[in-house]
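Some notes on the structure that comes next.
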Amino acid sequence: DAGVIQSPRHEVTEMGQEVTLRCKPISGHNSLFWYRQTMMRGLELLIYFNNNVPIDDSGMPEDRFSAKMPNASFSTLKIQPSEPRDSAVYFCASRLDRVHEQYFGPGTRLTVT
Amino acid sequence: AQTVTQSQPEMSVQEAETVTLSCTYDTSESNYYLFWYKQPPSRQMILVIRQEAYKQQNATENRFSVNFQKAAKSFSLKISDSQLGDTAMYFCAFDNTDKLIFGTGTRLQVFP
Chain A
1 DAGVIQSPRH
11 EVTEMGQEVT
21 LRCKPISGHN
31 SLFWYRQTMM
41 RGLELLIYFN
51 NNVPIDDSGM
61 PEDRFSAKMP
71 NASFSTLKIQ
81 PSEPRDSAVY
91 FCASRLDRVH
101 EQYFGPGTRL
111 TVT
Chain B
1001 AQTVTQSQPE
1011 MSVQEAETVT
1021 LSCTYDTSES
1031 NYYLFWYKQP
1041 PSRQMILVIR
1051 QEAYKQQNAT
1061 ENRFSVNFQK
1071 AAKSFSLKIS
1081 DSQLGDTAMY
1091 FCAFDNTDKL
1101 IFGTGTRLQV
1111 FP
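Each protein sequence line maps, in turn, to chains A and B. Going by the working numbering, the first sequence opens with residue 1, and the numbers climb by one from there. Going by the working numbering, the second sequence opens with residue 1001, and the numbers climb by one from there.
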């Protein structure tokens, strides 16, 4: 059984460039979550979707961040333009709501220089 | 607002010994879920154990068990027979049916 898949695993980009992170949730799961992890702020929820609909995006830091979930098997998190302070590990997680357990992908380590 | 507090930034234990990691939380909800996640150096977040607030019985998964004290809003993790592979960051998390709220983590080092 494949877990949550994220790509790329590592991304290094220059300030001002557009960055797109991708996530494929576990098949059958109906909620998807994007988190950011930094040393200073720990694990932060950025946005979550339920049945492909964004439910809570209050954690999205600013308009430079956007997320989409065009179908049940794919989601993207885009940063445009990127800044050095966006450097972090970004996790995607999915959940089958009635079970209440979130399963995380391996994360994408983003470095913005 | 719900909060999760892990007051031990770092812990260490010798292999084969038992260690307990502390977690407290604050909520006005009566029904919720609590989790412990492990993050080894590979950075993968791994679900270790879960507890439903409506269940009085403490959850157990092999060498991992919890001490859930609902009135005290306490949810500690006990690791028995510690192994070198248990070396990791451990995060306590609270689920109020839609979002996970994480503590700041405890770094556990298991020594041979």
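Don't be surprised by glycine CBs; every beta carbon is placed ideally from N, CA and C.
Taking C-beta to C-beta, are Leu1077 (chain B) and Val1066 (chain B) nearer than 7 Å? Going by C-beta atoms, Leu1077 (chain B) is nearer than 7 Å to Val1066 (chain B).
Answer with buried or exposed for His29 (chain A), where buried requires no fewer than 16 other C-beta atoms within 10 angstroms of its C-beta. Under this definition His29 (chain A) is a buried residue.
Among A:Val99, A:Thr113, A:Gly105 and A:Val112, which one has its Cα closest to the Cα of Ser7 (chain A)? Of the listed residues, the one whose Cα sits closest to Ser7 (chain A) is A:Gly105.
If you reduce the DSSP assignment to three classes, tell me which class Arg85 (chain A) lands in. If DSSP states are grouped into helix, strand and coil, Arg85 (chain A) belongs with the helices.
Pull up the CB-CB distance for Ser31 (chain A) and Arg85 (chain A), whole angstroms please, since I reckon it's below 8 Å. Arg85 (chain A) and Ser31 (chain A) do not touch by the CB rule: their CB atoms are close to 28 Å apart, not below 8 Å.
Let me know the alpha helix (DSSP H) ranges lying completely inside the region 9-40 of chain A, each 4 residues or longer, listed in chain order. None, since the region 9-40 of chain A contains no complete alpha helix (DSSP H) of that length.
If we ignore side chains and look at the alpha-carbon of each, how far apart do Ser58 (chain A) and Met69 (chain A) end up? In this structure, the straight-line span from the alpha carbon of Ser58 (chain A) to that of Met69 (chain A) is close to 17 Å.
Thinking Arg64 (chain A) and Pro81 (chain A) are a contact (beta carbons under 8 Å), I'd like their distance in whole angstroms, please. Yes, they are in contact, since the Cβ atoms of Arg64 (chain A) and Pro81 (chain A) sit about 6 Å apart, within 8 Å.
Taking 7 Å as the threshold (C-beta atoms), are Ala1088 (chain B) and Phe1102 (chain B) in contact? No, Cβ-Cβ distance for Phe1102 (chain B) and Ala1088 (chain B) is not below 7 Å.
Could you check which residue in A:Gly42, A:Gly16, A:His10 and A:Thr38 has the C-alpha nearest to that of Glu83 (chain A)? Distances from the CA of Glu83 (chain A) to each of A:Gly42, A:Gly16, A:His10 and A:Thr38 were compared; the closest alpha carbon is that of A:Gly16.
Please state whether DSSP places Gly42 (chain A) in a helix, a strand or coil. Of the three classes helix, strand and coil, the one that applies to Gly42 (chain A) here is strand, per DSSP.
Look at the Cβ atom of Phe1064 (chain B), then the Cβ atom of Ile1046 (chain B), and state whether they are nearer than 7 Å. Cβ atoms of Phe1064 (chain B) and Ile1046 (chain B): not closer than 7 Å.
Count the other C-beta atoms from every protein chain shown that fall within 10 angstroms of the C-beta of Lys1055 (chain B), then say buried if there are 16 or more, exposed otherwise. So Lys1055 (chain B) ends up on the exposed side.
Please determine, among A:Thr113, A:Val89 and A:His100, the residue with the shortest C-alpha to C-alpha distance to Tyr35 (chain A). The shortest C-alpha to C-alpha distance from Tyr35 (chain A) to any of A:Thr113, A:Val89 and A:His100 is the one to A:Val89.
Is DSSP giving Asp1081 (chain B) helix, strand or coil here? Judged by DSSP in its simplified three-state form, Asp1081 (chain B) adopts coil rather than helix or strand.
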